[in-house]
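Protein chains in written order, with our numbering: chain A, 1 to 299; chain B, 1 to 284.
A short worksheet on the structure shown next.
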Amino acid sequence: MLELHEVTKRFPKNAFILGSINCHLSTGLHVLAGPNGSGKSTLLRIAAGILPPDRGNLLFGGQDIYANLAHYKKNLGYVPQTFAFYSHMTGMDFLLYLANLKGIFSKAAKKQASYVADLLGILEHCPRKISTWSIGLRQRLAIAQALLNDPDILILDEPLCGLAFEETTEIQRLLYTWSHNKVILMSSHHIDSLPIAKLLLLCKGTLQFAGLPSIFSDQAAMQVWTAKTSKSTWQNLHLAFPLSTAVFTEDGCHCRIISNTKPDLPNIKPALPTLEEAYLVWLERLKRNEAEQQHDHRM
Amino acid sequence: MTIKSDDKKKELLDELGEGDLENLNTVFNYLDSYPVTPPPTEATDHLLALLTPVLQENSIQKDVQVPAAHSVFDTLTERLELIQAQLRLFSRGFVILSVLFFLCGLSLTTALDGDTLRFLANASPLLGILTVIYQFRAQQNHMNELEAACPYTPAQLASARISVVLVYDILLCLAATSIVSYGEDYVLWQVVTHWLAPLLLTLGIALLGSLRFGIFGGSLLSTAAWAFNLAASKDGNSLFSFLLPHTPVMYVDLLGAGIGLILLCFAFSGLHGLHVWEGDNQST
Numbered sequence: 001m002l003e004l005h006e007v008t009k010r011f012p013k014n015a016f017i018l019g020s021i022n023c024h025l026s027t028g029l030h031v032l033a034g035p036n037g038s039g040k041s042t043l044l045r046i047a048a049g050i051l052p053p054d055r056g057n058l059l060f061g062g063q064d065i066y067a068n069l070a071h072y073k074k075n076l077g078y079v080p081q082t083f084a085f086y087s088h089m090t091g092m093d094f095l096l097y098l099a100n101l102k103g104i105f106s107k108a109a110k111k112q113a114s115y116v117a118d119l120l121g122i123l124e125h126c127p128r129k130i131s132t133w134s135i136g137l138r139q140r141l142a143i144a145q146a147l148l149n150d151p152d153i154l155i156l157d158e159p160l161c162g163l164a165f166e167e168t169t170e171i172q173r174l175l176y177t178w179s180h181n182k183v184i185l186m187s188s189h190h191i192d193s194l195p196i197a198k199l200l201l202l203c204k205g206t207l208q209f210a211g212l213p214s215i216f217s218d219q220a221a222m223q224v225w226t227a228k229t230s231k232s233t234w235q236n237l238h239l240a241f242p243l244s245t246a247v248f249t250e251d252g253c254h255c256r257i258i259s260n261t262k263p264d265l266p267n268i269k270p271a272l273p274t275l276e277e278a279y280l281v282w283l284e285r286l287k288r289n290e291a292e293q294q295h296d297h298r299m
Numbered sequence: 001m002t003i004k005s006d007d008k009k010k011e012l013l014d015e016l017g018e019g020d021l022e023n024l025n026t027v028f029n030y031l032d033s034y035p036v037t038p039p040p041t042e043a044t045d046h047l048l049a050l051l052t053p054v055l056q057e058n059s060i061q062k063d064v065q066v067p068a069a070h071s072v073f074d075t076l077t078e079r080l081e082l083i084q085a086q087l088r089l090f091s092r093g094f095v096i097l098s099v100l101f102f103l104c105g106l107s108l109t110t111a112l113d114g115d116t117l118r119f120l121a122n123a124s125p126l127l128g129i130l131t132v133i134y135q136f137r138a139q140q141n142h143m144n145e146l147e148a149a150c151p152y153t154p155a156q157l158a159s160a161r162i163s164v165v166l167v168y169d170i171l172l173c174l175a176a177t178s179i180v181s182y183g184e185d186y187v188l189w190q191v192v193t194h195w196l197a198p199l200l201l202t203l204g205i206a207l208l209g210s211l212r213f214g215i216f217g218g219s220l221l222s223t224a225a226w227a228f229n230l231a232a233s234k235d236g237n238s239l240f241s242f243l244l245p246h247t248p249v250m251y252v253d254l255l256g257a258g259i260g261l262i263l264l265c266f267a268f269s270g271l272h273g274l275h276v277w278e279g280d281n282q283s284t
């Protein structure tokens, strides 16, 4: 189990403060969601032990990770959000290099590199230079390197970014498999089709929610509505409710409207919110609360 | 008030991955059977008064202290394996270009004035600077964050890279020495110290400077020192010869090599202060 206690990080240059963050992550898939610039990458770097927090503790298996950071990192697989590769390396060279950096050498390194490459479906591309690879292949290579040491903890910063639909589905399936015996903490904007054990919502450096996804979406109940309309009505609706979505058919469109009051439309019904819709409701609510607080402060 | 809908309960059980609906219903019924009345204010205050000292004691958070040493990857074998891994950073292109640089330089010098020893003394620092930039290009390649998540510390990585730079440059210069010394009446160790001194000196400046200004800043500082030495020196001798005019070249070279080694030692000791990644920490 990975535990974060009162974790705080300050960036005086841009006045950004992360924290204080408290959460317990056990085996399973934990998804960190939040708008851009909310501190997700910083929190993941802290959890990966590569950026020390200013205050607070990180415990893994009850032990402070900084008591033996190398031991913690031996059990860690990490995929950063932005990364590149040494351009002269082939996929296999890269995996062998990272295996060496994780303390795996010679035959064991080759065996493990081939295994993870095969698992991620990139083995046949590995003899080629990475500079010739597509973005999707590179993303899979980045995930593959995180598995080289068969880690207990996987920390992935936007691992689904840049992947094609079928690749995303395959990675989601793998994440589900790994979540049975690993602590997985990942940030993602695609939260609907993931087998999430715990959802964490981070906004402006503050953890707003940490819990079961069903409880998260319950908070958005009676704020998502569904109706069938014409395409022209939808265009007006979209202007009035910008967070709404629609599926177009030959005779009109099925729209899903996010609104905290019932829109004035014929045959409109409340709908069960998806996680992504609940996420939008949460963000709207937080924005409203912040505006109200600022208003009260001025008064 | 508890959850009434069976579907909702099933959903919760699925997410929790344990228990069954019957047990959950029993628990909810049991909870529902107890009417909860809010406690009186006095009771709440009393409870808070009892808890406050305990909570304060537990909530004391210490600033994070990054330990000075790590308990793994400290053996000689593990360090040698790390050095071996860093050899993968050399590309065939870099090796071919650096060898060609030496061969072309030596050929041109032979054709022009024949002072190949001077060429070697001036080219070895340049090779050192280029090798440092090439070997320490992780940040430019956006690889440093990925490398920082590996169990080796940044200090151990940097030490391994310095070792690779030193070994590669010295081997290449030794190969060039054999070409320069072939058929000439040179004392071998004097030829070696003649290029080793400026090489160690520039590497020392580059690496010590990199602790303060980053690898490019350190390399720039070192290049400036090398250029200044070229401009200020006379007759192909180093700046030290100019500053110590009556001292034999051999001693001047030994002095330069000694200062270079001291700078490298300082750089090594400075590296041991690095234990965590301090990359683009403005990015959130």
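Beta carbons: idealized from backbone N, C-alpha and C, even for Gly.
Predicted model, so just to flag it, every value in this text is computed and none were measured.
* Can you tell me the Cα-Cα spacing of B:Ile-96 and B:Leu-103, whole angstroms? -> 10 Å
* Beta-ladder partner(s) of A:Pro-270, from DSSP -> A:Trp-225, per the DSSP bridge assignment.
* Asked: With distances taken from CA atoms, which of A:Gln-63, A:Gly-61 and A:Leu-43 is nearest A:Asp-54?
  -> A:Leu-43
* **Contact set between B:Ser-91 and chain A, taken where Cβ atoms lie within less than 9 Å** => Within 9 Å Cβ-Cβ: Tyr-86, Ser-87, His-88 and Met-89.
* Min CB distance B:Ala-155 to chain A below 9 Å -> no
* Where A:Phe-165 meets chain B, residues with beta-carbon distance less than 8 Å -> Correct list: empty, because the minimum Cβ distance to chain B is about 26 Å.
* Helix, strand or coil: how does DSSP classify A:Val-31 here? -> strand
* Please decide whether A:Ala-70 counts as near chain B, where near means a Cβ-Cβ distance under 9 Å. => Interface residue, yes.
* If you run the structure through DSSP and keep just helix, strand and coil, what is A:Val-7? -> strand
* **Opposing strand residues paired with A:Gly-103 [DSSP bridges]** => In DSSP, A:Gly-103 forms no bridge with anything.
* Asked: Can you list the beta strand (DSSP E) stretches of 3 or more residues lying completely in the segment 167-237 of chain A, in chain order?
  -> Counting only runs of 3 or more, we get 183-187, 198-203, 206-211 and 224-229.
* To do: Give the secondary structure of A:Asn-75 by DSSP, where H, G and I count as helix, E and B as strand, and everything else as coil.
  => coil
* **Run of the alpha helix (DSSP H) containing B:Thr-77, from where it starts to where it stops** => 76-86 is the span of the alpha helix (DSSP H), which, as asked, contains B:Thr-77.
* Determine the chain B residues that contact A:Lys-73 at a beta-carbon separation under 8 Å, and present them in chain order. => Ala-149, Cys-150 and Pro-151
* On the DSSP bridge assignment, give the partners of A:Asn-68 in chain order. => Paired residues: none, contrary to the question.
* State the start and end residues of the unbroken alpha helix (DSSP H) segment that holds A:Gly-49. => Note, A:Gly-49: premise wrong, no alpha helix (DSSP H); not H, not E.
* With C-beta atoms as the reference, is A:Arg-128 less than 9 Å away from A:Gly-77? -> no
* Asked: So, is the C-beta of B:Ala-158 closer than 9 Å to a C-beta in chain A?
  -> no
* To do: State the start and end residues of the unbroken beta strand (DSSP E) segment that holds A:Leu-156.
  => DSSP places A:Leu-156 in the uninterrupted beta strand (DSSP E) bounded by 153-157.
* Asked: Quick one: what's got a C-beta closer than 6 Å to A:Thr-245's C-beta in the same chain, skipping five residues either side?
  -> Arg-256
* Asked: Would B:Pro-248 be called buried (16 or more neighbouring beta carbons within 10 Å of its own) or exposed?
  -> Exposed, because fewer than 16 other Cβ atoms sit within 10 Å of the Cβ of B:Pro-248.
* Asked: Counting contacts by CB-CB distance shorter than 9 Å, is B:Ser-71 in contact with chain A?
  -> Any reading at B:Ser-71 is ruled out, since the residue's pLDDT is 47, under 50, leaving its predicted position unreliable.
* Report yes or no: do the segment 109-119 of chain A and the segment 60-68 of chain A share at least 3 C-beta pairs separated by less than 8 Å? => no
* Does A:Ser-131 come within less than 9 Å of chain B when only Cβ atoms are used? -> It does not; no Cβ of chain B falls within 9 Å.
* To do: Return the chain-ordered list of same chain residues with a C-beta closer than 7 Å to the C-beta of B:Ser-71, the five sequence neighbours on each side being excluded.
  => Low per-residue confidence applies at B:Ser-71: pLDDT is 47, beneath 50, and the placement is therefore not dependable, though the value from the model is reported in the following sentence. Answer for B:Ser-71: no residue qualifies.
* **For A:Ala-15, three-class secondary structure by DSSP** => Correct three-state label for A:Ala-15: coil.
* For A:Asn-68 versus A:Ile-104, is the C-beta distance shorter than 9 Å? -> no
* How about A:Asn-14: is its Cβ closer than 8 Å to a heavy atom in the ligand COA? -> For the structure depicted, the ligand COA is absent and the ligand set is empty, with no information on it obtainable.
* Between A:Thr-82 and chain B, is there a C-beta pair that is closer than 9 Å? -> Chain B, which has a Cβ nearer than 9 Å to the Cβ of A:Thr-82, makes this yes.
* Asked: Nearest chain B C-beta to A:Arg-138 closer than 9 Å, yes or no?
  -> Judged by the 9 Å Cβ criterion, A:Arg-138 is not in contact with chain B.
* **B:Gln-140 classed as buried or exposed, judged by whether at least 16 other C-beta atoms fall within 10 angstroms** => Here B:Gln-140 is exposed, its C-beta having fewer than 16 other C-beta atoms within 10 Å.
* Environment of B:Cys-265 [buried if 16+ CB atoms lie within 10 Å] -> exposed
* **Continuous alpha helix (DSSP H) assignments of at least 4 residues falling wholly in the segment 95-138 of chain B** => 116-135
* **Separation of A:Ala-146 from A:Lys-107, as counted between CA atoms** => 19 Å
* **For A:Lys-111 and B:Leu-166, the rounded distance between their alpha carbons** => 32 Å
* Asked: Out of curiosity, what's the CA-to-CA distance linking A:Leu-275 and B:Pro-38?
  -> 34 Å
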